[in-house]
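Colleague: One structure, as structure tokens, below. Some questions next.
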Amino acid sequence: MTTTNQFLKIGNKEFKSRLLLGTGKYSSLEIMQKSLNNAKCEIVTVAVRRIQGLENGHKGLMDSINWKKIWMLPNTAGCKNAEEAIRVARLGRELAKLAGQENNNFVKLEVIPDKKYLLPDPIGTLKAAEQLVKENFTVLPYINSDPLIAKQLEEIGCATVMPLGSPIGSAQGIKNMANIAMIIEEAQIPIIIDAGIGVPSEAAQALEMGADGVLINSAIALAKTPSLMAQAFSKATEAGRESYLAGRLQGSLFAIPSSPLDGVISNN
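Using this note's numbering, the first residue of the sequence shown is number 298, and each one after it goes up by one.
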């Protein structure tokens, strides 16, 4: 295990919550604030390019979050190649400093040239990750559920890898469980499932598999009552982790009686 029972450790920081949240797509900053509070999350992602451009839904976001309590995870959303992602990661580090987090070197690395399916570019991700690790970033790369890419990113020094459960915003759940199970089995760093989770039961499933955390955005922000959904995801994440630590009953092809047969009265 790469984490203790109590904490999620990424780089040199420890977090009690294993639920990470995105800050996009909320209908208002007030709803976002209530959702973050109900989720009990300690890490939130911030799209650096959208903050810079003051895009709809992001204006005022920096002032609406208590950065003394919540750790910023700047992300390189919108970057189509490694060079763009490296540049935006550097801007993200400065953004964290402006929020008062002087030692924050975290970056969620996204390199996505594909506009239709929004799938990450493995080659661009590797290239950007290698450079950012050299610059002492704590790199959390978003990847396809590819065990080989996951291992390569770990070997070059990434602090975690974040395989997708299914395409971004699709709410399809965890579609490639076999590959994600392989990633978890081979990893010596935390694995955080990112993208595609639609309901709390799928977050619990990810933690039950042995994932160290989940990152949720659309499933909460676009729910009918986001703050209530955030609360549900918080509970599900805790339950999934406890279930994993408890050790599940292994399945069987045949029925196994729950009461012992010794001493049963027989007519013979």
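The C-beta atom is built at its ideal place from N, Cα and C for all residues, glycine as well. Since the model is a prediction, treat every value here as computed from it, not as a measurement.
Whole angstroms are fine: how far does the CA of E452 sit from the CA of S515?
Modeller: Walking along the sequence shown from the start, residue 515 turns up at place 218. Walking along the sequence shown from the start, residue 452 turns up at place 155. Looking at the two C-alpha atoms, the distance is approximately 31 angstroms.
Colleague: Can you look up P444 in the DSSP assignment and give me helix, strand or coil?
Modeller: As a working note, residue 444 is residue 147 in the sequence shown. Of the three classes helix, strand and coil, the one that applies to P444 here is helix, per DSSP.
Colleague: Please classify G537: does DSSP put it in a helix, a strand, or coil?
Modeller: To locate residue 537, count along the sequence shown from 1; it is residue 240. The answer is helix: DSSP assigns G537 an H, G or I state.
Colleague: Tell me whether the segment 421-434 and the segment 401-411 touch, counting them as touching only if at least three CB pairs, one residue from each stretch, are closer than 8 angstroms.
Modeller: Verdict: yes, contact present.
Colleague: Measuring alpha carbon to alpha carbon, tell me which residue in G357, T522, R390 and F304 is nearest L316.
Modeller: Against the sequence shown, residue 316 aligns to sequence position 19. Taking only the C-alpha atoms, the option nearest L316 is F304.
Colleague: What is the residue span of the alpha helix (DSSP H) that E499 lies within?
Modeller: Start at 1 with the first residue of the sequence shown, and residue 499 comes out as number 202. Unbroken alpha helix (DSSP H) run through E499: P497 to M506.
Colleague: DSSP three-state label for P523, please.
Modeller: Here residue 523 refers to the residue found at position 226 when the sequence shown is read from its first residue. Note: P523 maps to helix in three-state DSSP.
Colleague: Closest by CA to A379, which one among E391, A386 and G421?
Modeller: The count along the sequence shown starts at 1 and reaches residue 379 at position 82. Checking every option, the nearest Cα to that of A379 belongs to G421.
Colleague: Would you call the segment 310-330 and the segment 519-527 in contact, with 3 or more CB pairs under 8 angstroms?
Modeller: Yes, since at least three Cβ pairs between the segment 310-330 and the segment 519-527 fall closer than 8 angstroms, the two stretches touch.
Colleague: Tell me the DSSP bridge mates of N372?
Modeller: Here residue 372 is taken as the residue at index 75 of the sequence shown, counted from 1. DSSP, once it has assigned bridges, lists A344 and K405 as partnering N372.
Colleague: Using CA atoms only, rank isn't needed, just tell me which of Q528, L542, Q547 and S540 is closest to N335.
Modeller: In the sequence shown, residue 335 corresponds to position 38, counting from 1. With distances taken between Cα atoms, N335 lies closest to Q528.
Colleague: Where does T435 fall in DSSP's three states?
Modeller: As a first step, residue 435 must be located in the sequence shown, where it is residue number 138. Looking at T435 - three-state DSSP - the assignment turns out to be strand.
Colleague: Assess, as a yes-or-no matter, whether the segment 540-554 is touched by the segment 330-349 under the definition of 3 or more beta carbon pairs within less than 8 angstroms.
Modeller: No: the two stretches stay apart, fewer than three of their Cβ pairs being nearer than 8 angstroms.
Colleague: I need the straight-line Cα distance from K412 to G466, nearest angstrom please.
Modeller: Walking along the sequence shown from the start, residue 412 turns up at place 115. Walking along the sequence shown from the start, residue 466 turns up at place 169. Cα to Cα, K412 sits roughly 13 angstroms from G466.
Colleague: For P460, which beta-bridge partners are listed by DSSP?
Modeller: In the sequence shown, counting from the first residue as 1, residue 460 sits at position 163. Looking at the DSSP assignment, P460 forms a beta bridge with I440.
Colleague: In the DSSP assignment, what residue or residues form a beta bridge with K377?
Modeller: The residue given as residue 377 occupies position 80 in the sequence shown. None; K377 has no bridge partner.
Colleague: Take V436 as the anchor and find which of K365, A396 and N372 has the nearest alpha-carbon.
Modeller: Translated into the one-based positions of the sequence shown, residue 436 becomes position 139. Out of K365, A396 and N372, N372 has the C-alpha closest to the C-alpha of V436.
Colleague: Quick one: grab the DSSP three-state call for G493.
Modeller: Position 196 of the sequence shown holds residue 493. Of the three classes helix, strand and coil, the one that applies to G493 here is coil, per DSSP.
Colleague: What does a CB cutoff of less than 6 angstroms around G397 pick up in its chain, not counting 5 residues either side in sequence?
Modeller: For the purposes of this step, residue 397 is taken as residue 100 along the sequence shown, with counting starting at 1. Excluding positions up to five away in sequence, the list reads W364.
Colleague: Among the candidates V511, Y414 and M359, whose CA atom is the shortest distance from the CA of G389?
Modeller: Counted from its first residue, the sequence shown places residue 389 at position 92. Of V511, Y414 and M359, the residue nearest in Cα terms is M359.
Colleague: Output needed for A468: all residues of its chain with C-beta closer than 8 angstroms, excluding positions within five of it in sequence on either side, in chain order.
Modeller: On the sequence shown, position 171 is the one that residue 468 refers to. If we look at A468 and ignore the five residues flanking it on each side, its Cβ neighbours are G493, I494, G495, V496, S515 and A516.
Colleague: List the residues that DSSP assigns as beta-bridge partners of K306.
Modeller: Counting from 1 along the sequence shown, the entry for residue 306 is found at position 9. BP columns for K306 point to E311.
Colleague: In whole angstroms, give me the CA-to-CA distance for A552 and N476.
Modeller: In the sequence shown, counting from the first residue as 1, residue 552 sits at position 255. In the sequence shown, counting from the first residue as 1, residue 476 sits at position 179. Each residue's alpha carbon lies about 29 angstroms from the other.
Colleague: Can you tell which of A536, G454, R538 and Q330 has the C-alpha that lies nearest to the C-alpha of G319?
Modeller: As a first step, residue 319 is located in the sequence shown; it is residue number 22 there, counting from the start. For G319, the nearest C-alpha among the options comes from Q330.
Colleague: Which residues in the same chain as V385 place their Cβ atom closer than 7 angstroms to its Cβ, once the five residues preceding and following it in sequence are excluded?
Modeller: Mapped onto the sequence shown, residue 385 falls at position 88. Here the set comprises V345, R346, T373 and C376.
Colleague: Could you pull the DSSP bridge partners for G510 from this structure?
Modeller: As a working note, residue 510 is residue 213 in the sequence shown. Beta-bridge pairing links G510 to I489.
Colleague: With DSSP as the reference, please indicate the residues paired to L318 in a beta bridge.
Modeller: Translated into the one-based positions of the sequence shown, residue 318 becomes position 21. In the DSSP output, where bridge partners are listed per residue, L318 has V341 and I513.
Colleague: Please list the terminal residues of the continuous alpha helix (DSSP H) segment that includes Q330.
Modeller: On the sequence shown, position 33 is the one that residue 330 refers to. Per DSSP, Q330 belongs to the alpha helix (DSSP H) from L326 to A336.
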